[in-house]
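Accompanying notes for the structure given below.
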């Protein structure tokens, strides 16, 4: 009885969520290596002319003003991304979160622009409306099916929840009950005369089994983004287990002030973080969007959770606060780790390969599962027609 209920649950959840799971799997394959793909695909505006590197870099303020002149006062600069590589361009972004009428994800922002500049010459390399950049489109297909977050996220979240249940029920339904079954279920034993139906069945079950653990992690980490109740439950549970409470921001006892008045504030902040964190991957300046808000500088080391945030007074360069992973409680640490776990970057390239393969298998499961269901359904129809013909002959 239990097996029959689980089979029906597995069947109908798979039919309802299959197309969305397929989309999430395919886009997940791309996003697993997006940081490695972008510098190759966009090399023309990610990198500067090597001959200009011997020249001294322009000041931060002059590069900032060049970007501001390009967009004008109606689109103030929001972020500048500075990679710790002398061959990389500076990437300025301007965006404004202002939802407008419509159901699509680009209706969530009034504008979102990108501007790449050569830091040695101060000349524009490339600009674009970043809302329609290819990998951003892929990201938002994965995030909300290109719908507004409040519309698309519940749909994606429900499909992800179904996917987690499908993994668990599928493992239960497939698990061999005896030693004889185990010998043939854990690997492909195809012969020349093995039919397509059997091959499809093995692809669905065996690949599903070997990707189960990684796929389950992908589903659970996806649920943390999709549903606030799940996110809060996980954080609350981890805090209870670790007996921790959210920590207060670590204020500095004495403000550190940048004293070199010959340099602009942003230039001095950049020089400070470069000297303090010379092995960082990049330094990302998030400019204050509200009055009296601090300048946030994210020091990236290649993984989201390990980023350090230094907050400065936007006008005089005083260091106000330093936030890092150790300042978080257990729940907040898990939340910070979620992105790197979901993309596999927590384990570097090997982790990304595992996520890529698990995403690829996850995308295939709805297809092979549908084919199994279709073949069984067609077989039942043939049997019914056959029985009906027999009954008809007997009645004659």
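Residue numbers (the numbering used here): 2 to 397.
Backbone N, C-alpha and C define an ideal beta-carbon position, used for all residues, glycine too.
Comparing alpha carbon positions, the residue from 62, 58, 46, 101 closest to residue 115 is 46.
Ranked by Cα distance from residue 42, the first of 101, 87, 134 is 134.
With distances taken between CA atoms, residue 175 lies nearest to 4 out of 371, 4, 355. In the structure shown, residue 91 falls within a strand segment according to DSSP collapsed to helix, strand and coil. With contact defined as three or more Cβ pairs closer than 8 Å, the region 65–77 and the region 274–283 are not in contact. By the C-beta criterion, the region 116–129 is judged not to be in contact with the region 306–322, since fewer than 3 inter-stretch pairs fall below 8 Å. Look at the region 27–79 and you find no whole run of beta strand (DSSP E) that is 3 residues long or longer.
The residue among 76, 99, 111, 65 with its C-alpha nearest the C-alpha of residue 92 is 65. The C-alpha of residue 207 is placed about 6 Å away from the C-alpha of residue 188. The criterion of a C-beta distance shorter than 8 Å is satisfied by residue 360 and residue 219. Shown here, residue 225 sits in a helix according to DSSP, grouped into three states.
DSSP lists 93, 286 as the beta-bridge partner residues of residue 81. Residue 340: member of the alpha helix (DSSP H) spanning 331–344, first to last residue. Straight through space, the alpha carbons of residue 200 and residue 376 are spaced by roughly 13 Å. With a 10 Å radius around the Cβ and a threshold of 16 neighbouring Cβ atoms, residue 177 comes out exposed. Taking a contact as a CB-CB distance under 8 Å, the pair residue 32 and residue 139 counts as one, their CB atoms being some 6 Å apart. Counting along the chain, the unbroken alpha helix (DSSP H) around residue 200 starts and ends at 197–211. Beta bridge pairing from DSSP links residue 311 with 298, 323. Per DSSP, residue 173 lies in no beta strand (DSSP E) segment; the continuous alpha helix (DSSP H) that holds it begins and ends at 150–175.
Cα atoms of residue 293 and residue 313: separation of roughly 11 Å, rounded to the nearest angstrom.
Three or more Cβ pairs drawn from the region 331–350 and the region 221–236 lie within less than 8 Å of each other, which places the two stretches in contact. In this structure, residue 111 sits away from residue 102, with a CB-CB distance that is not shorter than 8 Å. Look at residue 388 here: in three-state DSSP terms it is helix. Residue 118 is bridged by DSSP to 91, 125. Judged by their CB atoms, residue 341 and residue 306 are nearer to each other than the 8 Å cut-off. DSSP, reduced to helix, strand and coil, places residue 108 within a helical segment of the structure shown. One alpha carbon belongs to residue 120, the other to residue 311, and they sit about 23 Å apart.
DSSP lists 114 as the beta-bridge partner residues of residue 130.
Taking C-alpha positions only, residue 129 is separated from residue 63 by approximately 21 Å.
Beta-bridge partners of residue 276 (DSSP): none assigned. Fewer than three beta-carbon pairs drawn from the region 14–32 and the region 50–61 are found closer than 8 Å, and the two stretches are therefore not classed as touching. For residue 388 and residue 195, the gap between their C-alpha atoms comes out near 28 Å.
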